[in-house]
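Residue numbers (the working numbering), protein chains in the order written: chain A, 1 to 114; chain B, 115 to 225. Beneath this line is the structure, given in structure tokens, with notes to follow.
So, in structure tokens, the structure goes:
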């Protein structure tokens, strides 16, 4: 199992540009989570999906952020337009709905908006 | 979701046993206690999860008293590579709910 796969690993973009982060969860996992981590705020939950349906997006900072999960094997987090304060490491995680055992996190995408 | 309180940082030396305690006074009946480990530039990694009494795996042990208002993560004979941030989380088992990460405990293991 390749684990949770995120791409790109690093992204540098200019303010105002659109950014799309991608995540492939572990096969068979039916819950997916997007987190953001900064030094100041730590790990923040942005949104989570269960069976491809968004359950809680109350952590999404503002309308510039959107997330989709068109199928069980793929999710995107889009920022449009991006701002310097969006600079952070974005993690995707997945888990099984029925069982225990916690979440499996990806390696993250380090986003820098200049 | 139950709030957790854990020390901001801890220091230890190689070969020692490290115990990190987490307080969760408002834990609910269906809540589990889960610990994660995070190294710099990596995502958090699941260590151990429990509901009551004691749970042990190849990495750590988790001790939970009868009232479940606290828990202790025990790392036996730590090494330099155990230097990381350790997070204690409380929430429904599996993915029935979203887990909220606090600040964690930064463990520094010295030679």
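Heads up, the beta-carbon is just placed ideally off N, CA and C, and yes, glycines get one too.
In whole angstroms, give me the CA-to-CA distance for residue i and residue j.
| i | j | result |
| --- | --- | --- |
| residue 201 of chain B | residue 148 of chain B | 8 Å |
| residue 17 of chain A | residue 73 of chain A | 26 Å |
| residue 145 of chain B | residue 176 of chain B | 15 Å |
| residue 199 of chain B | residue 71 of chain A | 33 Å |
| residue 75 of chain A | residue 27 of chain A | 13 Å |
| residue 139 of chain B | residue 179 of chain B | 12 Å |
| residue 224 of chain B | residue 170 of chain B | 25 Å |
| residue 118 of chain B | residue 156 of chain B | 23 Å |
| residue 78 of chain A | residue 189 of chain B | 39 Å |
| residue 162 of chain B | residue 150 of chain B | 7 Å |
| residue 93 of chain A | residue 6 of chain A | 10 Å |
| residue 214 of chain B | residue 45 of chain A | 7 Å |
| residue 103 of chain A | residue 160 of chain B | 7 Å |
| residue 168 of chain B | residue 136 of chain B | 15 Å |
| residue 184 of chain B | residue 12 of chain A | 42 Å |
| residue 186 of chain B | residue 172 of chain B | 16 Å |
| residue 31 of chain A | residue 205 of chain B | 15 Å |
| residue 114 of chain A | residue 81 of chain A | 12 Å |
| residue 107 of chain A | residue 25 of chain A | 12 Å |
| residue 222 of chain B | residue 153 of chain B | 11 Å |
Taking CB distances under 8 Å as the criterion, tell me whether residue i reaches chain C.
| i | result |
| --- | --- |
| residue 73 of chain A | The structure shown contains no chain C; the protein chains it does contain are A and B. |
For a test of the three-state rule: what should DSSP assign to residue i, helix, strand or coil?
| i | result |
| --- | --- |
| residue 46 of chain A | strand |
| residue 133 of chain B | strand |
| residue 86 of chain A | helix |
| residue 196 of chain B | helix |
| residue 125 of chain B | strand |
| residue 205 of chain B | strand |
| residue 142 of chain B | coil |
| residue 183 of chain B | coil |
| residue 214 of chain B | coil |
| residue 69 of chain A | strand |
| residue 164 of chain B | strand |
| residue 156 of chain B | coil |
| residue 120 of chain B | coil |
| residue 99 of chain A | Here the model assigns residue 99 of chain A a pLDDT of 42, short of 50, so the residue's position is not dependable and the matter cannot be decided. |
| residue 80 of chain A | coil |
| residue 93 of chain A | strand |
Where do the N-terminal and C-terminal ends of the beta strand (DSSP E) with residue i fall, by residue?
| i | result |
| --- | --- |
| residue 112 of chain A | 109 to 113 |
| residue 11 of chain A | 10 to 13 |
| residue 32 of chain A | 31 to 38 |
| residue 145 of chain B | 145 to 152 |
Is the closest heavy atom of the ligand FMN to the C-beta of residue i under 7 Å?
| i | result |
| --- | --- |
| residue 119 of chain B | By its list of ligands, the structure shown contains no ligand whatsoever, and the ligand FMN lies outside what it can speak to. |
Would you list, in chain order, the members of the stretch 34 to 49 of chain A that have their beta-carbon closer than 7 Å to a beta-carbon of chain B?
-> 42, 43, 45, 48
Closer than 8 Å, Cβ to Cβ, to anything on chain A: give me those residues from the stretch 141 to 153 of chain B, in chain order.
-> 146, 148, 150
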